[in-house]
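Reading through the structure tokens given below for one structure.
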Amino acid sequence: MDTIISPLFDVTRIRQDFPILSTKVHGKPLTFLDSGASAQKPRAVIEAMTRSMETAYANVHRGAYHLSEAATESYEAARIATQRFLGATEPEEIVFTSNSTAAINFVAHSYGRGVLQPGQFVLTSEMEHHANMVPWQMLRDANIGIGLRYVRVTERGELDLEDLAAKLADGKVGLVALTHMSNVLGTVTPAAQIARMAHEAGAKVLFDGSQAAVHRHVDVTAIDADFYVFTAHKLYGPTGIGVLYGKRKLLDAMPPFLGGGDMIESVTLERTTYAAAPARFEAGTPPIIEAVGLHAAIDYVTNIGMGAIEAHERALVDHAMAVLPGVEGLTLLGGAQDRGGVFAFALDGVHPHDLSTFLDRHGIAVRAGRHCAEPLHTRFGVEGGTTRASFGLYTTPEEIDLLAAKLTEARRFFA
Amino acid sequence: MSETGDIADLYSMTLRDLARDPAHKGRPEAFDATARGDNPMCGDRVDIYVTLDGDRIREARHVARGCEICQASASLLAELVPGRTQAEAHALGQRAGEIAKSGAGNDTTDELHRLSIFAVVHKFPSRVKCVTLAWNALDAALSGVKETSSE
Chain A
1 MDTIISPLFD
11 VTRIRQDFPI
21 LSTKVHGKPL
31 TFLDSGASAQ
41 KPRAVIEAMT
51 RSMETAYANV
61 HRGAYHLSEA
71 ATESYEAARI
81 ATQRFLGATE
91 PEEIVFTSNS
101 TAAINFVAHS
111 YGRGVLQPGQ
121 FVLTSEMEHH
131 ANMVPWQMLR
141 DANIGIGLRY
151 VRVTERGELD
161 LEDLAAKLAD
171 GKVGLVALTH
181 MSNVLGTVTP
191 AAQIARMAHE
201 AGAKVLFDGS
211 QAAVHRHVDV
221 TAIDADFYVF
231 TAHKLYGPTG
241 IGVLYGKRKL
251 LDAMPPFLGG
261 GDMIESVTLE
271 RTTYAAAPAR
281 FEAGTPPIIE
291 AVGLHAAIDY
301 VTNIGMGAIE
311 AHERALVDHA
321 MAVLPGVEGL
331 TLLGGAQDRG
341 GVFAFALDGV
351 HPHDLSTFLD
361 RHGIAVRAGR
371 HCAEPLHTRF
381 GVEGGTTRAS
391 FGLYTTPEEI
401 DLLAAKLTEA
411 RRFFA
Chain B
1001 MSETGDIADL
1011 YSMTLRDLAR
1021 DPAHKGRPEA
1031 FDATARGDNP
1041 MCGDRVDIYV
1051 TLDGDRIREA
1061 RHVARGCEIC
1071 QASASLLAEL
1081 VPGRTQAEAH
1091 ALGQRAGEIA
1101 KSGAGNDTTD
1111 ELHRLSIFAV
1121 VHKFPSRVKC
1131 VTLAWNALDA
1141 ALSGVKETSS
1151 E
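Each protein sequence line maps, in turn, to chains A and B.
In terms of my numbering, the first sequence opens at residue 1 and continues consecutively.
In terms of my numbering, the second sequence opens at residue 1001 and continues consecutively.
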């Protein structure tokens, strides 16, 4: 099948930006189809981090000397770049955490315990990554009177919006916490509509954008998200830094979670007054080099253009939808109307683990298991797990063709 | 055998026959001890059921939801442990784990020779726990623990 890819988007040239893509695995060219777990890094990110350590590194916000000032400047520049990337109103609305999981846990502790009231509920869904489910279960189990509800997922793998409305109807939900794109089904959720529904019911809304922010242009102001989280390492940046966007007035009303240096205004032996957001939430030495890497990653995808990336990935999704269902014995999980480049599937007669080892020996990296979404696998009756191929901006239609061919081969091998 | 381990070496006929062999599969009507082994990352799950004769294992059966290596390991366990004391069965499990981790499989005794089908697994490090899950479950069953995991 012919796949039309934007002429502005030269995937061959883009692949040259990623040193790892020219390596071989088991003597075969690497076909990396696990970007949904963590994406590979372009030279721009690698070099920016190296440069920072070689020329401009010291601790931030502390020293009145050149290097510390330079490091502080680049750390805060990363905050401004992130603000612009997400369409946030002010840089103070960007809190750096260690990853998406840490960001959600922070909201669960600070907003969950500090702002939500006994009798209120958190509303999440069946299709969440454990990172957006377990923190809310922990909050529910903390015996402070906060309950937990789940939105159902339809057979097509979409959020059941009628069920969402029904579960918001009594006005007792204080916070809606949903994925913006499923890491298993690829389903993109209608964030603006969800936010509107939540707000009409008097609830705030948090989106887990770990997958979505990588594949689409996200504008938190247009969506009217109250909180939005994503992580750098899935956006071609480094591990160790994640982002929490929070509306200024919400952050200002939230108590700190971690106490320590860098988050205080004044400390005496008797009491401490806290710094304003976001410093209040960034106790201790922050991920300084990682912030530089995140900044470089944002510049990298922004220069290519999120629109161009989205168009490229739409073409990949169309291609995968044309090719994968043709593999005998393959069943795709979910079939949402609006989906991104994540495909979890079962291959009849072949266990995901065995399949993943088989593909690995052909240089193809996929993920096998339940992808940190055990309830969703139970929901679709595949408790034993699935195999997942996920795409990045460097993925090509030829790689999807190779995957399909090797799936057919695997089925013969394990027959 | 190649440096990185050939797929065909891992999935030998012996291993695949064991994985499919129904001889030791299924929950028995009566048993003296049982435990469940879970691999939380991949979803593999093995239930082991044992009947005892004093300190000796009379019979072992399994219900495994897992990959071929996991099922083959559970079947081999059920084949090898009857007639052994609990300590001997535990030692055998330790040996299976060592063989899978290091590739050392030069034992000459028959039963250990059977375990050597897992020697190739050391070239597939992420699959070692597929071998050990059933044996962990056996240990848990014998020590009265109900659940264990591969982690």
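Note that beta-carbon positions come from the ideal geometry of N, C-alpha and C, so glycine has one too.
Neighbour flag for residue i against chain A, beta carbons, 8 Å
| i | result |
| --- | --- |
| residue 1124/B | yes |
| residue 1068/B | yes |
| residue 1010/B | yes |
| residue 1007/B | yes |
| residue 1013/B | no |
| residue 1065/B | yes |
| residue 1095/B | no |
| residue 1036/B | no |
| residue 1020/B | no |
Segment limits, alpha helix (DSSP H) that includes residue i
| i | result |
| --- | --- |
| residue 289/A | 288-304 |
| residue 358/A | 352-360 |
| residue 75/A | 66-86 |
| residue 413/A | 397-413 |
| residue 1097/B | 1086-1102 |
| residue 270/A | Run containing residue 270/A: none; DSSP gives neither H nor E here. |
C-beta neighbour in chain B for residue i, strict 8 Å
| i | result |
| --- | --- |
| residue 326/A | no |
| residue 32/A | no |
| residue 199/A | no |
| residue 412/A | no |
| residue 212/A | no |
| residue 370/A | yes |
Range covered by the beta strand (DSSP E) that runs through residue i
| i | result |
| --- | --- |
| residue 245/A | 242-246 |
| residue 121/A | 121-125 |
| residue 1062/B | 1056-1065 |
| residue 347/A | 342-347 |
| residue 1119/B | Run containing residue 1119/B: none; DSSP gives neither H nor E here. |
| residue 389/A | 386-390 |
| residue 368/A | 367-369 |
| residue 330/A | 330-332 |
Proximity of residue i and residue j at Cβ, strictly below 8 Å
| i | j | result |
| --- | --- | --- |
| residue 71/A | residue 57/A | yes |
| residue 442/A | residue 94/A | Not covered by the structure: residue 442/A. The range shown for chain A is 1 to 415. |
| residue 188/A | residue 379/A | no |
| residue 347/A | residue 387/A | yes |
| residue 1018/B | residue 1072/B | yes |
| residue 232/A | residue 246/A | no |
| residue 227/A | residue 172/A | no |
| residue 110/A | residue 254/A | yes |
| residue 376/A | residue 126/A | yes |
| residue 21/A | residue 15/A | yes |
| residue 411/A | residue 328/A | yes |
| residue 309/A | residue 301/A | yes |
| residue 373/A | residue 128/A | yes |
- Identify each residue in the stretch 1044-1060 of chain B for which the Cβ-Cβ distance to at least one residue of chain A is less than 9 Å, and report them in chain order. 1044, 1045
- Could you give the uninterrupted runs of the alpha helix (DSSP H) lying entirely in the stretch 11-50 of chain A, keeping only those of 4 residues or more? 11-15
- What are the residues of the stretch 348-368 of chain A that lie near chain B, defined by any Cβ-Cβ distance shorter than 8 Å? 351, 352, 353, 354, 357, 358, 361, 368
- Start-end ranges of the alpha helix (DSSP H) lying completely within the stretch 88-122 of chain A, minimum 4 residues: 100-114
- Query: Where in the stretch 127-215 of chain A do unbroken runs of the alpha helix (DSSP H), each at least 4 residues long, occur, reported from the N-terminal end onward?
  - Reply: 134-140, 161-168, 191-200, 212-215
- Between the stretch 375-389 of chain A and chain B, which residues of the former have a C-beta closer than 8 Å to a C-beta of the latter? 377, 383, 384, 385
- Task: Output, in sequence order along the chain, the residues in the stretch 1126-1146 of chain B whose CB is closer than 9 Å to any CB in chain A.
- Result: 1126, 1127, 1130
- Could you give the uninterrupted runs of the beta strand (DSSP E) lying entirely in the stretch 1012-1062 of chain B, keeping only those of 3 residues or more? 1033-1038, 1045-1053
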